[in-house]
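Peer 1: When the letters of the sequence shown are read in order and numbered with mature numbering (1 follows the signal peptide of the UniProt record, and there is no 0), they come out as residues -20 to -1, 1 to 234.
Quick one: the structure is below, questions incoming.
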Amino acid sequence: MKLLPFLALAMLATTLASSAADTDTRVFEMRTYHTAPDKLDDLHARFRNHTMQLFEKHGITNIGYWTPIENPDNLLIYVLAYPSREARETSWKAFQADEDWKKAKAESEVNGKLVNKVDQLFLNATDYSPAIKPSAGSAERVFELRTYTTTPNNLPILHERFRDHTMTLFARHGMTNLFYWHLLPDQPNAENTLVYMLAHASVDAAKASFTAFRADPDWIAAKKASEEKGGGSLTIPDGVKSVFLKPTDYSPTR
């Protein structure tokens, strides 16, 4: 590797590391709502006009709200933050007992319930994640939620590869690193799961960026070295899942 490109890469890595949330001990909750048919707009209205404000009233931080760009299942995905798991339980009890919430929920469900099922993930920030806080891009952005399932015992090596190489190379190829999480220990598959989110100018821009990233000699070398260390691929077959998202009009992260 030539010296100047190496120095530039090292400086970028230092910049990313300096913004990492290595002291962020908060608990994050990713909630996925499976809405009833034709009820997604009503759910958006309830969040926009009531739920978000009531969350904040009870000490719950709104990070971002998204829907898949292709959304045949009528999903709403959002992320909240709490000081701790115990604080989360206290806040939700107070929120659910709030008379304003009970009224908003009842009025929104006059013609039937809005949500059929809720999926939850409880997460902590990785030590290399950029600061996890709401943000808005200077232009409209597309978001990509990526979930990796590793081969046995290789999650630490995957973290190492992201920390030392992948994030910097993503940035080199025009991708914005937003949030990186691992699951809390009591969550299923916590020992082999990485969840993270990127931002792109568009879906086409994301595809172009990943094509350039995968052809980058620095990535090829980092991938080879990490797989030699891990005894093969760090992810199981079909172990990388990607969903492109668009922010809702009321999302703090846009």
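Yeah, the Cβ is synthetic: ideal placement off N, Cα and C, and Gly gets one too.
A quick note: this is a predicted structure, and the numbers were derived from the prediction, not measured.
For the alpha helix (DSSP H) containing ALA205, name the first residue and the last one.
Peer 2: Here the alpha helix (DSSP H) through ALA205 covers 197 to 210.
Peer 1: Closer than 6 Å by C-beta to PRO227: which residues in its own chain qualify, once you throw out the five before and the five after it? Chain order, please.
Peer 2: Taken in chain order, the residues that qualify are TRP46 and ARG234.
Peer 1: Helix, strand or coil for LEU60 per DSSP?
Peer 2: LEU60: strand per DSSP, three-state reduction.
Peer 1: Measuring alpha carbon to alpha carbon, tell me which of PHE75, GLU89, ALA16 and THR191 ends up nearest LYS37.
Peer 2: Ranking the options by Cα distance to LYS37, first place goes to PHE75.
Peer 1: What is the residue span of the beta strand (DSSP E) that ASP99 lies within?
Peer 2: Residues 95 to 105.
Peer 1: Could you check where the beta strand (DSSP E) with THR12 kicks off and where it finishes?
Peer 2: Here the beta strand (DSSP E) through THR12 covers 7 to 15.
Peer 1: Determine the contact status of GLU124 and ALA195, defining contact as a CB-CB distance below 7 Å.
Peer 2: Not a contact, by the Cβ cut-off of 7 Å.
Peer 1: Could you say which of LYS19, ARG6 and ASP184 lies nearest to ARG121 if we only look at CA atoms?
Peer 2: Ranking LYS19, ARG6 and ASP184 by Cα distance to ARG121 puts ASP184 first.
Peer 1: By DSSP, does GLU89 sit in helix, in strand, or in coil?
Peer 2: DSSP places GLU89 in coil when its eight states are reduced to three.
Peer 1: At a Cβ threshold of 7 Å, is ALA86 touching chain D?
Peer 2: Any reference to chain D falls outside this structure, which holds one protein chain only.
Peer 1: Ordered along the chain, which non-local residues of its own chain (more than five positions away) have a Cβ less than 8 Å from that of ALA202?
Peer 2: Excluding sequence neighbours, ALA202 sits near ARG141, ASP144, HIS145, THR146 and LEU149.
Peer 1: Judging by CA-CA distance, which residue of ALA84, ASN54, ILE43 and THR41 is the nearest neighbour of ARG26?
Peer 2: Looking at the Cα atoms, ALA84 is the closest of the given residues.
Peer 1: Check whether the Cβ atoms of LEU55 and PRO48 sit closer than 7 Å, and answer yes or no.
Peer 2: The answer is yes: Cβ separation under 7 Å.
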